[in-house]
Amino acid sequence: MHDPPTTFAVGHGSMMPETAVAGRLSVAGTLKSDLPVALYRGTAFVASTDRLQAVDTATGQITATVRPQGKPVGSGSEWDTVLASAPVLATAQGTEMVITPFVVRQTGTGTRADHTVVEITAVNATTGRLIWRLTLRPPHWDDVYSDLRTSVVGAEGGVAVVRVSTQSGDHAMAYGIDLGTSRRTWAVGQFQAGAVAGGSVVGTALDDNVGIDQRPAGFDLTSGRLRWRGEHSTDVGTAPAGPRLVRVAGRDYDSGDAYDRLVDPGSGRTVRTMPADLAGAGCTYDERSTLVCSGKGTRSQTACGLDTSTGKVLWQLPDRRADRIAPVITTAWHGRVYGTTDHGPVALDARTGKDLPNPGAAPFLVNESAGLALDKGGSNLIVYPTSG
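In this text, residue positions in the sequence shown follow our numbering: the first is 110, and each later residue adds one.
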């Protein structure tokens, strides 16, 4: 147990199930989308479209499998056109649980037709046993059920937000789920939820039926009531940015000017504009105090750390004066940043950006027990125990 890990036992790794990377690897052996995995102590919970697997990170052995009651629309293979999202860890009434949604086909009886629904499962994070199931029936969107996508956007204060949308993104629903009672408490239509923070859920309000007329918006997490609506926009995207901020990006509908900002989730007020070099960059909250971002800047690879309370830029790379390049960041956790350069794996201090000793691996997910990284060939996901 190392918090945060400084090194990984790269000689003692175990292979993760193929479902963890199915359909997510490029021909070049790089990860194209986020892993459908959540880490809890010594267990990795791996979601696919047809099951949730609990994997012992010390041995790579599958210790539990939970399947939906309905018939899954997906097969869990690399040929699925719709991939599963990562399960979400949450706490309700003192119990730590893993929340996972599945798109399933519900068989009709008599004259009742079949329907495609979303089945939510809550699993005890310690034992891997099922706690409860809940079925959500989304609206009928012109018979496009085979293309439905679902994910748990986030959870806070015993409430989880489930997003259901069409593959095109033209239609969407958001549901509030009370994790203690396993009941749906609210539903918001034509809303593409993107992040949960500060007692609110923030996302994209779809004001028409073709996904063009958009506005960023925030709703109360407990009641589902509207808190604020932003300007008329296009290409709106929202993402988590820590416990107090949410990242909102898009284009003003009238001028076409792009914006990318950190906002207060309760009011929509802009707290800080994102650095220009980070347009389109991905960001990771280190679950402590820093938002770490990485991407292709205007000239080269760029990376930076921002304070999750104020949005202030703490450090930024590359730094020509210090003769330092920017790494490709894979993840950040508890004050430590992990990534790669042409020289191999690297680690940085999340608050200062200073170099730290080589960790031996560049994990995409990490906790005090293990790190998940691709092997040298880029074809398998390996779980490495922490060693320092």
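Note that beta-carbon positions come from the ideal geometry of N, C-alpha and C, so glycine has one too.
Owing to the predicted nature of the structure, the values given are computational and were not obtained by experimental measurement.
* To do: Report yes if the C-beta distance between G375 and G327 is below 8 Å; otherwise report no.
  => As a first step, residue 375 is located in the sequence shown; it is residue number 266 there, counting from the start. As a first step, residue 327 is located in the sequence shown; it is residue number 218 there, counting from the start. Yes, they are a contact pair.
* Asked: What span of residues does the beta strand (DSSP E) with R272 cover, start to end?
  -> One-based indexing of the sequence shown puts residue 272 at position 163. From DSSP, the beta strand (DSSP E) with R272 extends over V268 to S274.
* To do: Can you grab the Cα-Cα spacing for the pair R214 / A156, in whole Å?
  => Here residue 214 is taken as the residue at index 105 of the sequence shown, counted from 1. Here residue 156 is taken as the residue at index 47 of the sequence shown, counted from 1. Those two C-alpha atoms are separated by around 18 Å.
* Exposed or buried, what is M124 when buried is set at 16 or more other beta-carbons lying within 10 Å of its beta-carbon? -> Within the sequence shown, residue 124 is the residue found at index 15, counting from 1. It counts as exposed.
* List in chain order: all unbroken beta strand (DSSP E) runs of 3+ residues lying wholly within the stretch 409 to 457. => 410 to 416, 422 to 426, 437 to 442 and 445 to 450
* To do: Please report the residue range of the beta strand (DSSP E) in which H249 lies.
  => By 1-based counting over the sequence shown, the position of residue 249 is 140. No beta strand (DSSP E) contains H249, which DSSP labels as neither H nor E.
* Tell me which same chain residues have a C-beta within less than 8 Å of the C-beta of G497, skipping the five on either side of it? -> In the sequence shown, the residue the question calls residue 497 occupies position 388. Taken in chain order, the residues that qualify are H111, P114, T115 and T116.
* Asked: Less than 8 Å separating the beta-carbons of Y394 and G351?
  -> Numbered from 1 along the sequence shown, position 285 holds the residue referred to as residue 394. Numbered from 1 along the sequence shown, position 242 holds the residue referred to as residue 351. Contact: yes.
* Asked: Considering only residues of the same chain and omitting the five flanking positions on each side of Q425, which have a CB-CB separation below 6 Å?
  -> Position 316 of the sequence shown, counted from the start, is the residue given in the question as residue 425. Once the five neighbours on either side are set aside, the close Cβ partners of Q425 are C413.
* Asked: To which residues of the same chain is G289 closer than 6 Å at the C-beta, ignoring the five residues directly before and after it?
  -> In the sequence shown, the residue the question calls residue 289 occupies position 180. Answer for G289: A201, Q202 and G267, listed in chain order.
* Asked: Got a sec, what are the start and stop residues for the beta strand (DSSP E) H224 sits in?
  -> Locating residue 224 in the sequence shown gives position 115, where the first residue counts as 1. Per DSSP, H224 belongs to the beta strand (DSSP E) from H224 to N233.
* Asked: Nearest to V212 by alpha carbon, out of Q276, A471, E205 and G308?
  -> The sequence position of residue 212 within the sequence shown is 103, counting from 1. Considering only alpha carbons, the answer is Q276.
* Asked: Less than 8 Å separating the beta-carbons of A471 and Y493?
  -> Here the question's residue 471 lines up with position 362 in the sequence shown. Here the question's residue 493 lines up with position 384 in the sequence shown. Their beta carbons are not under 8 Å apart, which means A471 does not touch Y493 by this criterion.
* To do: Use the C-beta contact count for D386: other C-beta atoms within 10 angstroms, 16 or more gives buried, fewer gives exposed.
  => As a first step, residue 386 must be located in the sequence shown, where it is residue number 277. By the 10 Å Cβ count, D386 comes out buried.
* CB-CB length for R293 against L245, believed under 8 Å -> Numbered from its first residue, the sequence shown carries residue 293 at position 184. Numbered from its first residue, the sequence shown carries residue 245 at position 136. Correct: roughly 7 Å between the Cβ atoms.
* Between Y368, R430 and V270, which lies nearest to V297 when the distance is taken from Cα to Cα? -> Walking along the sequence shown from the start, residue 297 turns up at place 188. The shortest Cα separation from V297 among Y368, R430 and V270 belongs to V270.
* Can you give the Cα-Cα distance for Y139 and K485, rounded to whole angstroms? -> Residue numbering aside, residue 139 sits at position 30 when the sequence shown is read from its first letter. Residue numbering aside, residue 485 sits at position 376 when the sequence shown is read from its first letter. The question names Tyr, but residue 139 is Thr in the sequence shown. T139 and K485: Cα-Cα distance of roughly 10 Å.
* Thinking just about the alpha-carbon of each residue, which of V345, G377 and V226 is nearest to the one in G308? -> The sequence position of residue 308 within the sequence shown is 199, counting from 1. Among V345, G377 and V226, the Cα nearest to that of G308 is on G377.
* If you draw a straight line from the alpha carbon of V197 to that of V146, how long is it in whole angstroms? -> Here the question's residue 197 lines up with position 88 in the sequence shown. Here the question's residue 146 lines up with position 37 in the sequence shown. C-alpha separation (whole angstroms): 9 Å.
* Run the CB neighbour count on T366, radius 10 Å, all protein chains shown included, and call it buried at 16 or more, exposed below. => As a working note, residue 366 is residue 257 in the sequence shown. Reading the sequence as shown, one finds Asp at residue 366 and not Thr. Exposed.
* **Inter-residue Cα distance where the pair is T172 and A153** => Taking the first residue of the sequence shown as position 1, residue 172 is located at position 63. Taking the first residue of the sequence shown as position 1, residue 153 is located at position 44. Cα-Cα distance, rounded: 10 Å.
* Does the beta carbon of K405 fall short of 7 Å from some heavy atom of the ligand SAM? -> Within the structure as shown, the ligand SAM is missing, as the structure has no ligands at all.
* Buried/exposed call for H341, threshold 16 Cβ in 10 Å -> Here residue 341 corresponds to residue number 232 of the sequence shown, with the count starting at 1. So H341 ends up on the exposed side.
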